[in-house]
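A.B. asks:
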Ligand SMILES: [Ca+2]
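In my numbering, the protein residues as written are 5 to 226.
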């Protein structure tokens, strides 16, 4: 019996760890979003201080600038209805059981109250980000409300033949459905870790920065 347990343990150790690749995108190349769902409007690549509204008709709050680098993403919900989603990353060529971790920074100055961001996922086919198959669930955590805050979630892929996972920024505005009903949101620094056999897609045209090689990052920021 003792030998059988030893053999079983060795068999587990012999399974090679799946190589993972980590990349991030911080909107420095002028990109916006890969797509959206619901009443999402006004997607724009912005820099510097930005004035916005939290459900009111007049600007009533300010984002001081990018969380990382110079540029960042603006989106808005208008009119308020349901839970709009900004598609900010997409991982294709996944297989069931693959692990994907993603995070981003959302700007939020209302602790414990809307407007807030959450990170969420949905399954699509690998050839079309708009070919929605099912929800992939996500994190129950909202941005903290103390300025830029990071939200993160890890998925064990279970999308079946679709083979792709959309990373969404879900927007929670208040009041949820009635006027005045325009809320501005800002987003920066989306980071994705997924198996080396998958393909990571970010907004914009540039190749995302791979976190796995610090020499590459240093070279890019020189
Ligand atoms: Ca940035």
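The beta-carbon is built from N, C-alpha and C at its ideal position, and this holds for glycine as well. A quick note: this is a predicted structure, and the numbers were derived from the prediction, not measured.
Identify which residue in 36, 198, 146 and 84 has its Cα closest to the Cα of residue 124.
C.D. replies: Here the closest residue by C-alpha is 146.
A.B. asks: Counting Cβ pairs closer than 8 Å, one from the stretch 81–91 and one from the stretch 193–205, do we hit at least three?
C.D. replies: Short answer: they don't touch.
A.B. asks: Among residues of its own chain, excluding the 5 on either side of residue 73, which ones have a beta-carbon nearer than 6 Å to its beta-carbon?
C.D. replies: Taken in chain order, the residues that qualify are 30 and 32.
A.B. asks: Quick one: what does DSSP say residue 165 is sitting in, helix, strand or coil?
C.D. replies: Helix, per DSSP.
A.B. asks: Report the three-state DSSP secondary structure of residue 289 (helix, strand or coil).
C.D. replies: This structure gives no information on residue 289, because the portion of the chain shown stretches from 5 to 226.
A.B. asks: With a cut-off of 7 Å, give the chain-ordered residues whose Cβ is closer than this to any heavy atom of ligand 1.
C.D. replies: That query returns the following residues: 30, 31, 32, 70, 71, 72, 73, 74, 75, 76, 192 and 193.
A.B. asks: Can you list, in chain order, the residues of its chain whose CB lies under 6 Å from that of residue 162, leaving out five sequence neighbours each side?
C.D. replies: The answer, listed in chain order, is 100.
A.B. asks: Looking at chain C, is there any beta carbon in it that lies within less than 8 Å of the beta carbon of residue 135?
C.D. replies: Structure shown: chain C not included; a single protein chain is present.
A.B. asks: State buried or exposed for residue 59, treating a residue as buried only when at least 16 other CB atoms are found within 10 Å of its CB.
C.D. replies: Classification of residue 59: buried, given that the 10 Å Cβ count is 16 or more.
A.B. asks: Helix, strand or coil for residue 213 per DSSP?
C.D. replies: In the structure shown, residue 213 sits in a strand (DSSP, three-state: E or B).
A.B. asks: Pull up the distance between the alpha-carbon of residue 42 and that of residue 48, whole angstroms please.
C.D. replies: Going from the Cα of residue 42 to the Cα of residue 48 covers about 17 Å.
A.B. asks: How many whole angstroms separate the CB atoms of residue 190 and residue 75, which I take to be in contact at a CB cut-off of 8 Å?
C.D. replies: With a Cβ gap of about 11 Å, residue 190 and residue 75 do not count as contacting.
A.B. asks: Between the Cα of residue 188 and those of 164, 160, 63 and 106, spot the shortest distance and give me the residue it belongs to.
C.D. replies: Of the listed residues, the one whose Cα sits closest to residue 188 is 63.
A.B. asks: Take residue 135 as the anchor and find which of 158, 144, 169 and 51 has the nearest alpha-carbon.
C.D. replies: Checking every option, the nearest Cα to that of residue 135 belongs to 169.
A.B. asks: Under the rule that 16 or more other beta-carbon atoms within 10 Å means buried, what is residue 217, buried or exposed?
C.D. replies: Low confidence applies to residue 217: its pLDDT is 42, below 50, so where it sits in the model is not reliable, and the reading given next is rough at best. Label assigned to residue 217: exposed.
A.B. asks: Alpha carbon to alpha carbon, how far is residue 141 from residue 68?
C.D. replies: Straight-line Cα distance between these residues: approximately 31 Å.
A.B. asks: Given residue 117, which residues of its chain have a CB within under 8 Å of its CB, disregarding the five upstream and five downstream residues?
C.D. replies: Around residue 117: 149 and 178.
A.B. asks: Give me, in chain order, the residues of the same chain whose beta-carbon lies closer than 6 Å to that of residue 154; leave out the 5 immediate sequence neighbours on both sides.
C.D. replies: The answer, listed in chain order, is 107 and 109.
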